[in-house]
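Chemist: Residue numbers (UniProt numbering): 1 to 313.
1. Touching or not, the stretch 63 to 73 and the stretch 43 to 55, by the rule of three or more beta carbon pairs under 8 Å?
2. Would residue 176 count as contacting chain C if we go by Cβ distances under 7 Å?
3. Residue 81 by DSSP, collapsed to three states: which one?
4. In chain order, what residues of the same chain have a beta carbon less than 8 Å from the beta carbon of residue 50, not counting five sequence neighbours either side?
5. Please list, in chain order, all residues of the same chain as residue 44 whose beta carbon is under 8 Å from its beta carbon, the five residues on each side excluded.
6. So what does DSSP say about residue 65, is it helix, strand or coil?
7. With a CB to CB cut of under 8 Å and the five nearest residues on each side skipped, what residues in its chain are close to residue 273?
8. Is residue 279 helix, strand or coil by DSSP?
9. To which residues of the same chain is residue 34 closer than 6 Å at the C-beta, ignoring the five residues directly before and after it?
10. Looking only at its own chain, which residues have a Cβ that is under 7 Å from the Cβ of residue 152, when we skip the five neighbours before and after it?
11. Could you tell me the boundaries of the alpha helix (DSSP H) in which residue 44 lies?
12. Go ahead and label residue 69 buried or exposed: buried means 16 or more other beta carbons lie within 10 angstroms of its beta carbon, across all protein chains shown.
13. Quick check on residue 175: buried or exposed, where buried means 16 or more other Cβ atoms within 10 Å of its Cβ?
14. Closest to residue 47 by C-alpha separation, out of 284, 95 and 99, would be which residue?
15. Who are the Cβ neighbours of residue 93 in its own chain at under 7 Å, not counting the five residues just before and after it?
16. Distance check for residue 248 and residue 258, CA to CA, integer angstroms please.
17. Please report the distance separating the alpha-carbon of residue 255 from that of residue 285.
18. Rounded to whole angstroms, what is the Cα-Cα separation between residue 240 and residue 271?
19. Determine the DSSP secondary structure at residue 87, reduced to helix, strand or coil.
20. Tell me whether residue 77 is buried or exposed, calling it buried when 16 or more other Cβ atoms sit within 10 Å of its Cβ.
21. Should residue 26 go down as buried or exposed, given a rule of 16 or more other Cβ atoms within 10 Å for buried?
22. Note down the Cα distance separating residue 242 from residue 227, rounded to an integer number of angstroms.
23. Between the C-alpha atoms of residue 261 and residue 169, what's the straight-line distance to the nearest angstrom?
24. Tell me which residues share the same chain as residue 90 and place their Cβ nearer than 8 Å to its Cβ, disregarding the 5 neighbours each side in the sequence.
25. Check residue 288 in the structure and name its three-state DSSP category.
26. With DSSP collapsed to three states, give me the class of residue 309.
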C-alpha cells in the first residue's frame with residue numbers, strides 16, 4: 001500500500017513539474033534591467049551608508065548651524081573653532097570636525113570612483129562602436145562648378161524679381177494715370193453740362209460790391225486816387241532805377257578790379273626746364289662783388305644762433 005502511495009506521489013510530482021515547465025515556456029522572458037556596476041563596498045555605497053548612519057549631509061545638525069560651522073572653520077581653523085561657537089559644547093564641535101573630515105574624504109573617493117566608471121564606460125563604448133565610414137573624396141572642380149551654378153541661379157532669380165517689381169510699379173502708375181484722366185474728363189463733362197450756382201452767386205456779389213464802392217467815391221476822390229497811384233508808381237520807378245545804377249556801379253568796380261589784377265599778376269607758361277634755371281635773386285648774388293655784405297645764410301650747416309651771455313663765456 002505504501003509503495004502504491006509512493007508511486008502515485010511520484011506521478012503527481014511529475015505532472016506538476018511538466019505543468020510548471022509548460023507555464024514557463026508560455027510566459028515571455030523578461031529581460032532584467034542592467035544594474036549599475038557598483039559593488040556594495042564601493043566608495044559610492046560607502047558614502048551613502050555614511051550619510052545614512054551619521055545624520056545626512058549636515059551630520060545631524062540643522063542647516064543653519066552647519067553653515068555657520070563651515071564659515072567659522074574656513075576662517076579660524078580647527079584649533080580655534082570651539083571658541084567661535086560658544087553656544088555649542090566643545091565635544092560636539094570636535095566630533096563634528098571629525099565627521100566633516102570623514103565626509104570630505106568619502107566624498108572625494110566617491111567622485112574619483114564615478115569619474116573612473118565614466119571613463120571605463122566611454123572606452124568600452126568606443127571599442128563596441130564600429131568605425132565611422134570615411135567621407136568620400138570630393139573633387140574641388142565639381143564643388144567650384146556647383147557654387148558657380150548656384151550663384152548664377154541666385155542672380156537670375158534676383159534679376160527676375162527686380163523685373164517683376166518694375167513691371168508691377170509701371171502697371172500701377174499707368175492705372176493711376178488712367179484713373180486720373182477718367183476722373184478729370186468726368187468732372188469736365190459734368191461742369192460743362194450745368195454751371196455751378198455757387199459760382200454765379202459769388203460773381204454777382206463781387207459785381208455788387210464793386211458798384212457800391214464806385215458809388216461811394218466822388219469825382220474829386222477819383223482824382224486824388226489817380227494822383228496817389230501816380231506818385232506810388234514814380235517812387236517804384238525811382239527805387240528800380242537806383243537799384244539798376246547800383247548794379248551797374250558794382251559791375252564796373254568788379255571789371256576794373258579784374259583788369260588791375262590781370263595787369264598785376266602774370267602767369268608764366270608751363271616749362272619744366274624753368275625749374276632747373278637759377279632765379280633772378282640767385283643770379284644777382286652770383287654776379288655781385290665779394291666785398292658786398294651778404295644776407296643771412298639759411299642752411300642746415302650754418303644755423304644762426306643768438307648771442308651768448310657774458311656769464312656763459
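In this text, a Cβ means the ideal position worked out from N, Cα and C, and glycines have one as well.
This one's a predicted model, so the numbers in the text were calculated from it and none came from an experiment.
Modeler: Reading it off the structure:
1. Under the Cβ criterion (8 Å, minimum of three pairs), the stretch 63 to 73 does not count as touching the stretch 43 to 55.
2. Included in the structure is just one protein chain, with no chain C present.
3. Residue 81 carries a coil assignment under DSSP once its states are collapsed to helix, strand and coil.
4. Same-chain partners within the cutoff: 102, 103 and 106.
5. Cβ-Cβ distances below 8 Å link residue 44 to 38, 110, 113 and 114 in the same chain, with the five nearest sequence neighbours on each side left out; the list follows chain order.
6. In this structure, residue 65 counts as helix in the three-state DSSP scheme.
7. Correct list: empty, nothing qualifies.
8. Residue 279: coil per DSSP, three-state reduction.
9. Low confidence applies here, because residue 34 scores a pLDDT of 42, under 50, leaving its location unreliable; read the following figure in that light. Within its own chain, no residue has a Cβ closer than 6 Å to the Cβ of residue 34 once the five positions on either side in sequence are excluded.
10. Short of 7 Å from the beta carbon of residue 152, and not among the five residues preceding or following it, lies no beta carbon of its own chain.
11. Going by DSSP, residue 44 is part of the alpha helix (DSSP H) stretching over 43 to 53.
12. Classification for residue 69: buried.
13. It is exposed - the Cβ of residue 175 has fewer than 16 other Cβ atoms within 10 Å.
14. With distances taken between Cα atoms, residue 47 lies closest to 99.
15. Only 81, 82 and 85 meet the Cβ criterion.
16. Distance between the alpha carbons of residue 258 and residue 248 is about 15 Å.
17. Going by the C-alpha atoms only, they are around 40 Å apart.
18. Per the coordinates, the alpha-carbon of residue 240 lies some 52 Å from the alpha-carbon of residue 271.
19. Looking at residue 87 - three-state DSSP - the assignment turns out to be coil, as it is neither helix nor strand.
20. A residue is called buried once 16 or more other Cβ atoms fall within 10 Å of its Cβ, and residue 77, having fewer, is exposed.
21. Any reading at residue 26 must be qualified, since the residue scores a pLDDT of 44, below 50, and its modelled position is unreliable; the value itself is stated next. Under this definition residue 26 is an exposed residue.
22. Each residue's Cα considered, the two are about 23 Å apart.
23. Between the alpha carbons of residue 261 and residue 169 lies a gap of roughly 58 Å.
24. Short of 8 Å from the beta carbon of residue 90, and not among the five residues preceding or following it, lie these beta carbons of its own chain, in chain order: 82.
25. The three-state reading of DSSP puts residue 288 in coil, since its state is none of H, G, I, E or B.
26. Looking at residue 309 - three-state DSSP - the assignment turns out to be coil, as it is neither helix nor strand.
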